[in-house]
Amino acid sequence: MQENKPDNEILELDVLTEIGNIGAGNATTALSQLINARIDMNVPNVAMLAFDELAEIIGGAETLVAGILLSLEGDVDGMMLFVLESAAAHMLVNQLMGCGQPPTPAVGGFNEIEESALKEIGNIIAGSYLSSISSLTNMLITSSVPYLAVDMAGAILSVPAIEFGKMGDKALLIESRFKDMDIDISGYFILIPTIESYKLMLNSLGM
Amino acid sequence: MIKVGMADLNICHSPDAITTLGLGSCVGIALYDKTTQIAGLAHIMLPDSTKVRQNQNRAKFADTGIDMLIQLLVKEGARKQALTAKIAGGAQMFAFSSNNDMLRVGQRNVEAVKAKLGSLGIRILAEDTGLNFGRTVEFYPETGDFVIKAVGKEVRTI
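Sequence order for the protein chains is A and B.
Residue numbers for the first sequence, in the working numbering: 1 to 207.
Residue numbers for the second sequence, in the working numbering: 1 to 158.
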């Protein structure tokens, strides 16, 4: 429902959708190569949300989630976060690690190998979105190594929310849905450029 | 239980209690007037409203948020001179090694909150801040208890 949104917000959502779709295509390819099997990734939803809405989307501020954070380097400064519910993260890791177990939603924390796998998955997905942004804006964007935190959604989301808090009160969200024969889960990609970088990106996109 | 969201604040009278969830790098500030059994809780995200151009939401910042909370408390009948504080949060959620300001915001939030409360002469009776995990807090004006919950840890009352 776009009727009540200001024009610039509609434009930004269109751009996000494009970034999301191209990124999802890249990620599908990369993830499928990683596991030598087909996993589909698509983008059911993009949005600009207020901070408290961010946590609700993921199940509430106290929901246990895994968050993979990377800082941005190159022509664009800022950070990006890939976050998903802990149970979904377990399923994704099990599926992608192919440990032969059926990917049931486990509870609790992750062991060292699972943490590495999560970071690598986050790295691949973030890299996929970054290359789609790079090609759309013609800007060079690279990322740091991935950092992982497993904690309450509100606490993890406070990190990008604070960064967005300097720009206004809304954050950019791209929902990523992973689907294959065994799993159907969603993760959320949040891109947080600095104010200056955001302006640069919008300029490059002719906005 | 009265709920306070991110960049938000509110007050409650005993026997009600007030809570905010998922404090990461944000800081939860509980201000309490024991004599009137009124408490206020603010969930601030950034240290300094003067450093940010988009600063209309005053509850978002340590400096303006604390002022706003005190105004609200006094309006509800609390005595400014009787106010004491308990604070929690300001964690570093991700293990960055760099000293980049963006990544140290938890610590900067705690410093800004302490500086502001100090400048107002409001004593901090207890704190559970820093480290690297998220916290949910509840304040009970009936007892003055500040209850801190974190994933995989025992509940703490300070």
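C-beta: ideal position from N, C-alpha, C; glycine also.
Which residue or residues does DSSP assign as beta-bridge partners of residue i?
{"i": "A/P193", "result": "A/G78"}
{"i": "A/E12", "result": "Answer by DSSP bridge pairing: none, since A/E12 is not bridged."}
{"i": "A/K179", "result": "A/D40, A/D184"}
{"i": "B/R58", "result": "Beta-bridge pairing links B/R58 to no other residue."}
{"i": "B/L31", "result": "B/G40, B/A85"}
{"i": "B/Y140", "result": "B/D145"}
{"i": "A/Y147", "result": "A/L69"}
{"i": "B/R156", "result": "B/I148"}
{"i": "B/H13", "result": "B/I38"}
{"i": "A/A47", "result": "A/L173"}
{"i": "B/A126", "result": "B/K86"}
{"i": "A/I141", "result": "A/G74"}
{"i": "B/V4", "result": "B/T20"}
{"i": "A/E112", "result": "Per DSSP, none; premise fails for A/E112."}
When you compare each of the options to residue i by their alpha carbons, which one comes out closest?
{"i": "B/P47", "options": "B/R156, B/G22, B/G40, B/F61", "result": "B/F61"}
{"i": "A/E85", "options": "A/Y198, A/F189, A/N203, A/P193", "result": "A/F189"}
{"i": "A/I22", "options": "A/V83, A/G187, A/M79, A/S135", "result": "A/S135"}
{"i": "A/P193", "options": "A/G165, A/E175, A/M41", "result": "A/G165"}
{"i": "B/A82", "options": "B/T36, B/V151, B/V105", "result": "B/T36"}
{"i": "B/F159", "options": "A/D182, A/S197, A/D151", "result": "The requested residue 159 of chain B is not part of the displayed model; chain B covers only 1 to 158."}
{"i": "A/F110", "options": "A/S128, A/M91, A/V76, A/G127", "result": "A/M91"}
{"i": "B/L73", "options": "B/Y32, B/T157, B/S14", "result": "B/Y32"}
Could you tell me whether the Cβ atoms of residue i and residue j are closer together than 8 Å?
{"i": "A/A171", "j": "A/M48", "result": "yes"}
{"i": "B/K116", "j": "B/I124", "result": "no"}
{"i": "A/E62", "j": "B/L21", "result": "yes"}
{"i": "A/I68", "j": "A/A153", "result": "no"}
{"i": "A/N138", "j": "A/S204", "result": "yes"}
{"i": "A/V46", "j": "A/L13", "result": "yes"}
{"i": "B/V151", "j": "B/G89", "result": "no"}
{"i": "A/L70", "j": "A/M80", "result": "yes"}
{"i": "B/A30", "j": "B/C12", "result": "no"}
{"i": "A/L118", "j": "A/A88", "result": "no"}
{"i": "B/T129", "j": "B/V110", "result": "yes"}
{"i": "A/V83", "j": "B/S25", "result": "no"}
{"i": "A/I141", "j": "A/L130", "result": "yes"}
{"i": "A/M41", "j": "A/A66", "result": "no"}
{"i": "B/L41", "j": "B/F139", "result": "yes"}
{"i": "B/Q86", "j": "B/A112", "result": "The question names Gln, but residue 86 of chain B in the sequence shown is Lys. Cβ atoms of B/K86 and B/A112: not closer than 8 Å."}
{"i": "A/I125", "j": "A/S186", "result": "no"}
Measuring CB atoms only, is the segment 88-96 of chain A touching the segment 52-67 of chain B, in the sense that at least three cross pairs come out at less than 8 Å? no
Closer than 9 Å, Cβ to Cβ, to anything on chain B: give me those residues from the segment 143-165 of chain A, in chain order. S144, Y147, L148, A149, V150, D151, M152, A153, G154, A155, I156, L157, S158, V159, A161, I162, E163, G165
What residues in the segment 12-29 of chain A bring their beta carbon closer than 8 Å to a beta carbon of chain B? none
Quick one, which residues of the segment 44-72 of chain B are near chain A if we go by CB-CB under 7 Å, in chain order? M45, L46, V52, Q54, N57, K60
Any contact of the segment 37-53 of chain A with the segment 1-11 of chain B, i.e. 3+ C-beta pairs under 8 Å? yes
Closer than 7 Å, Cβ to any Cβ of chain B: which residues of the segment 49-73 of chain A, in chain order? F51, D52, A55, A61, E62, L64, L69
Relative to chain A, which residues along the segment 116-142 of chain B have a C-beta separation below 9 Å, given in chain order? N132, F133, G134, R135, T136
Give the residues from the segment 14-43 of chain B that approach chain A closer than 8 Å (Cβ to any Cβ), ordered along the chain. L21, G22, L23, G24, S25, C26
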